[in-house]
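Asks: First to last, the sequence lines map onto chains H and P. Each step along the first sequence adds one to the number in full-length UniProt numbering, with nothing skipped, and position 226 is 226. Each step along the second sequence adds one to the number in full-length UniProt numbering, with nothing skipped, and position 265 is 265.
There are 2 protein chains.
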Amino acid sequence: MDAISVRPARIQDVAAAAGVSVSTVSNVLNRPERVNARTAERVRDAVAALDYVPHPGAAGLRTGHSSSIGLVLPDVANSFYSRIARGAADAAYEHGYSLVLCDSGDAPEREQGYFTMLIEQRAVGAVVVPLSADPTRLSRLRERGIPLVLADRAMPAQEGCSVSVDDIAGGRIAVQHLLDRGARDVLVVNGERTIRQCADRYQGARQAVRTRREARLGQVVAEEMTVAYGSEIAHSLDELPDGVFCTNDFLAAGLCRALGERGVKVPEDVQVVGYGDLDIASFVGTTLTTVRQPVEELGRAAVEMLLDEVEARAEHAHEARVFAPGLVLRDSTRASSDAPF
Amino acid sequence: MDAISVRPARIQDVAAAAGVSVSTVSNVLNRPERVNARTAERVRDAVAALDYVPHPGAAGLRTGHSSSIGLVLPDVANSFYSRIARGAADAAYEHGYSLVLCDSGDAPEREQGYFTMLIEQRAVGAVVVPLSADPTRLSRLRERGIPLVLADRAMPAQEGCSVSVDDIAGGRIAVQHLLDRGARDVLVVNGERTIRQCADRYQGARQAVRTRREARLGQVVAEEMTVAYGSEIAHSLDELPDGVFCTNDFLAAGLCRALGERGVKVPEDVQVVGYGDLDIASFVGTTLTTVRQPVEELGRAAVEMLLDEVEARAEHAHEARVFAPGLVLRDSTRASSDAPF
Chain H
1 MDAISVRPAR IQDVAAAAGV SVSTVSNVLN RPERVNARTA ERVRDAVAAL DYVPHPGAAG
61 LRTGHSSSIG LVLPDVANSF YSRIARGAAD AAYEHGYSLV LCDSGDAPER EQGYFTMLIE
121 QRAVGAVVVP LSADPTRLSR LRERGIPLVL ADRAMPAQEG CSVSVDDIAG GRIAVQHLLD
181 RGARDVLVVN GERTIRQCAD RYQGARQAVR TRREARLGQV VAEEMTVAYG SEIAHSLDEL
241 PDGVFCTNDF LAAGLCRALG ERGVKVPEDV QVVGYGDLDI ASFVGTTLTT VRQPVEELGR
301 AAVEMLLDEV EARAEHAHEA RVFAPGLVLR DSTRASSDAP F
Chain P
1 MDAISVRPAR IQDVAAAAGV SVSTVSNVLN RPERVNARTA ERVRDAVAAL DYVPHPGAAG
61 LRTGHSSSIG LVLPDVANSF YSRIARGAAD AAYEHGYSLV LCDSGDAPER EQGYFTMLIE
121 QRAVGAVVVP LSADPTRLSR LRERGIPLVL ADRAMPAQEG CSVSVDDIAG GRIAVQHLLD
181 RGARDVLVVN GERTIRQCAD RYQGARQAVR TRREARLGQV VAEEMTVAYG SEIAHSLDEL
241 PDGVFCTNDF LAAGLCRALG ERGVKVPEDV QVVGYGDLDI ASFVGTTLTT VRQPVEELGR
301 AAVEMLLDEV EARAEHAHEA RVFAPGLVLR DSTRASSDAP F
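1. Determine, for P:Leu-101, whether the minimum Cβ-Cβ distance to residues of chain H falls below 7 Å.
2. Roughly how many angstroms lie between the CA atoms of H:Leu-118 and P:Phe-283, to the nearest whole one?
3. Is the beta carbon of P:Gly-230 less than 7 Å from the beta carbon of P:Leu-251?
4. Apart from the five residues on each side of it in sequence, which residues of its chain come closer than 6 Å, Cβ to Cβ, to P:Ile-11?
5. Could you work out which residues of chain H lie near P:Gly-285, taking near to mean beta carbons separated by less than 7 Å?
6. Tell whether a beta-carbon distance below 7 Å holds between P:Leu-187 and H:Leu-99.
7. Quick one: does P:Ser-21 have its CB under 7 Å from some CB of chain H?
8. Jot down the residue ranges of each uninterrupted beta strand (DSSP E) in the region 173-207 of chain H, minimum 3 residues, whole runs only, in chain order.
9. For P:Ala-85, return the contacting residues in chain H, with the cut-off set at a CB-CB distance below 9 Å.
10. How close, in whole Å, do the beta carbons of H:Val-303 and H:Ala-174 come, if the pair is a contact with beta carbons under 8 Å?
11. When burial is assigned at 16 or more other CB atoms within 10 Å of the CB, is H:Ser-68 buried or exposed?
12. Using a Cβ cut-off of 7 Å, pull out every chain P residue sitting near H:Val-227, in sequence order please.
13. Tell me the rounded alpha-carbon separation between H:Ser-5 and H:Ala-123.
14. Residues of the region 251-284 of chain P with a CB closer than 7 Å to any CB of chain H: list them in chain order, please.
15. Once you ignore the five residues that flank P:Ala-157 on each side, which residues in its own chain have a CB closer than 7 Å to its CB?
16. State yes or no: is the beta carbon of H:Ser-162 nearer than 7 Å to at least one beta carbon in chain P?
17. Name, please, each residue of chain H whose Cβ falls closer than 9 Å to the Cβ of P:Asp-293.
18. Taking Cβ positions only, does P:Ser-98 come closer than 7 Å to chain H?
19. Interface residues of chain P around H:Ala-89 at Cβ under 7 Å?
20. For P:Ser-236, count neighbouring C-beta atoms within 10 Å of its own C-beta (all shown protein chains included) and say buried if the count is 16 or more, exposed if not.
21. Which value, in whole angstroms, describes the spacing of the CA atoms of P:Ser-164 and P:Arg-142?
22. Report yes if the C-beta distance between P:Asn-190 and P:Thr-226 is below 7 Å; otherwise report no.
23. Check whether the Cβ of H:Met-117 lies closer than 7 Å to any Cβ atom in chain P.
24. Between P:Ala-46 and P:Ala-18, is the Cβ-Cβ spacing less than 7 Å?
25. Just to confirm, are H:Thr-289 and H:Leu-255 a CB contact at a threshold of 7 Å?
26. According to the neighbour-count rule (16 or more other Cβ atoms, all chains shown, within 10 Å of its Cβ), is H:Asp-249 buried or exposed?
27. Within the same chain, show all residues whose beta-carbon is closer than 7 Å to that of residue 342 of chain P, passing over the 5 residues directly before and after it, in chain order.
28. Measuring only between beta-carbons, confirm whether H:His-55 sits less than 7 Å from chain P.
29. Following the continuous alpha helix (DSSP H) through H:Gly-254, name the residue where it begins and the one where it ends.
30. In this structure, how does DSSP classify H:Tyr-97 when only helix, strand and coil are distinguished?
31. Given a cut-off of 7 Å, decide if P:Leu-178 and P:Gln-271 are closer than it, judged by their beta-carbon atoms.
32. Provide the residue span of the alpha helix (DSSP H) that contains P:Leu-298, from first to last.
33. The alpha helix (DSSP H) spanning H:Arg-42 covers which residue range?
34. Going by CA-CA distance only, name the one from P:Asp-90, P:Ala-281 and P:Pro-74 that's closest to H:Asp-75.
35. Which of the three DSSP states, helix, strand or coil, is assigned to P:Arg-153?
36. Could you have a look at H:Gly-70 and say whether DSSP puts it in helix, strand or coil?
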């Protein structure tokens, strides 16, 4: 403890001095019944020694004022977003904030309506998961003047915090895996190139192929990234590749089923990698090797970065945190010992 | 308009008098920029004529006080609950309330923590989706003194409002369908009987079988309602039934796959009906005939009943609203023309 410190003590300083987590400090201040007496005493000693004044959020919680964070997302019934919501809800709870669920249905006017609501309710900030990349829409949001963290979308750090998953790396590891397991003629079944994630995943696929002189890469764009389109594409192919990278699991599920209907064996004839590790990846006839994104971590990190901005203020530095995706090995690609090379 | 009405005008009266929806009235009062000028004028005239004073919630929204509803559920990343959340979010938005997402992880102490938070933030009430039926836990919640609507759990109407789906009817239509399509030896693959939904679905199955003298009903209880257990049960059966009713789609998906591995054809040899209409129902090798529950409607109705309690107060009558499930026909049962009877 530095008794002559000039800046006001922060909750993190109290936690460090008492040797406990920030959420324990928050509990002592807000829900003391949930902390054992000895720990609570240690925290209160640290609060006194550091002359710590709770941040406006914690104070608000105690006095009944709003101490909430908005979570604006396109559709909570979509499992990708609901997993972000779970991570965000956990982090908000641990820090003593409530999380206001703002399901925009991806309608810009409803997104705006939610921002008006969050401002009126004096939310301390918002985590926003935008679906489309319309920059004017995002800047309109930032102009409303409450701290904002973008989730699932990287943003230049000078404009604010963001958390996202590295889709280029995701595309690269997916196709690298196909090449490692012996595929040489790889087809990417992609969504529209205007979707940033799709463009990035394809770019990653190209990076992987460039490392192998004998490998070829093709691309087919599906109108919608659904099981039905995956199936349609599999039926429409004249020449079969020996490896397919579908940029989401719905496309991959439809493609695998339709290949089966054509008498094509997965992974013996064609190896398939999906993207997203959705529930369906492990339910389809041939379970899918796929790219897993750390989705809960995205939601959690977004809330924690927002709270750092809210609580640390002047000391806060914006950050564009990018998470690495990983590969989940299942039956739609060959075991490494089966690879012919 | 009844000028000598003695009770104070409600937002519903204003809406009726102006010939608009309740949410339009709410918008005129709270977000006038979103309503066209002519409609807004008509609403303001009705407000003046009826001497309408906005309810505390709407007033709170305008003045920056909390006007929020808590949504307490066990796991927002589970698609059943996230669909309830979407319905609840839509209804809350339309009525000008924010929805505070309280993901309890089904931990009683965290559920209590959320209730403390909702009380501190002066939430107008809460919609609670309890996972386990522990009555002391539910009564502890009600004792906290804020209006409460239970979702996915019927409650005696004198104790409060609730919304649920009729699981007995769901079990009945599932097995009725198997019988209609020619099955006579029906097996119920169920979860633990202590789960209320499982007990109800089995009861419905028994009701259906009782209507047919020549039909038989058996039951196997899975330790967990997962794909893995569905598969294990299918592999363990010595004698095959000609119809199987799985009380959720995970069990059905695992069962169908394992039957295929045994060389048993679905629906030719064994017809299968699932429950829940989860995403996987339409992705598995043989798509599942299954029972669909109106889940979004559950969330929406719960919020609207809560707001009726909050806004109408003395006039509010508790209600246990029960929704009817429906059957979705897919490939795991025979087309009606294939039925041998």
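Virtual Cβ for every residue (Gly too), placed ideally from N, Cα, C.
Replies: To lay it out plainly:
1. Against chain H, the CB of P:Leu-101 has a partner CB under 7 Å away; the residue lies at that interface.
2. For the pair H:Leu-118 and P:Phe-283, the Cα-to-Cα distance works out to about 39 Å.
3. A distance below 7 Å separates the beta carbons of P:Gly-230 and P:Leu-251.
4. Val-22 and Val-25
5. Gly-285
6. no
7. no
8. 185-190
9. Val-76, Ala-77, Ser-82, Ala-85, Leu-101 and Asp-103
10. The beta carbons of H:Val-303 and H:Ala-174 sit about 29 Å from each other, so the pair does not count as a contact at 8 Å.
11. So H:Ser-68 counts as buried.
12. Phe-283
13. At H:Ser-5, the pLDDT of 41 sits below 50, so the modelled position is not reliable and the matter cannot be decided from this model.
14. Answer set for the region 251-284 of chain P: Ala-253, Asp-279, Ile-280, Phe-283 and Val-284.
15. Residues His-318, Glu-319 and Ala-320 of the same chain have their beta carbon placed closer than 7 Å to that of P:Ala-157, with the five preceding and five following residues left out of the count.
16. no
17. Sequence inspection shows Gln at residue 293 of chain P; the Asp mentioned does not correspond to that position. Within 9 Å Cβ-Cβ: nothing; P:Gln-293 doesn't reach chain H, min ~13 Å.
18. yes
19. Val-76, Leu-101 and Asp-103
20. exposed
21. P:Ser-164 and P:Arg-142: Cα-Cα distance of roughly 18 Å.
22. No; because the gap between Cβ atoms is not below 7 Å, this pair is not in contact.
23. yes
24. Taking 7 Å as the Cβ cut-off, P:Ala-46 and P:Ala-18 qualify as a contacting pair.
25. no
26. buried
27. This structure cannot settle anything about residue 342 of chain P, because the visible part of chain P is limited to 1 through 341.
28. For H:His-55, the pLDDT reaches just 45, beneath the cut-off of 50, and the residue's location in the model is therefore unreliable, although a value from the coordinates is still provided. With 7 Å as the cut-off, H:His-55 does not count as an interface residue toward chain P.
29. 249-261
30. coil
31. yes
32. 295-312
33. 37-50
34. P:Asp-90
35. coil
36. Correct three-state label for H:Gly-70: strand.
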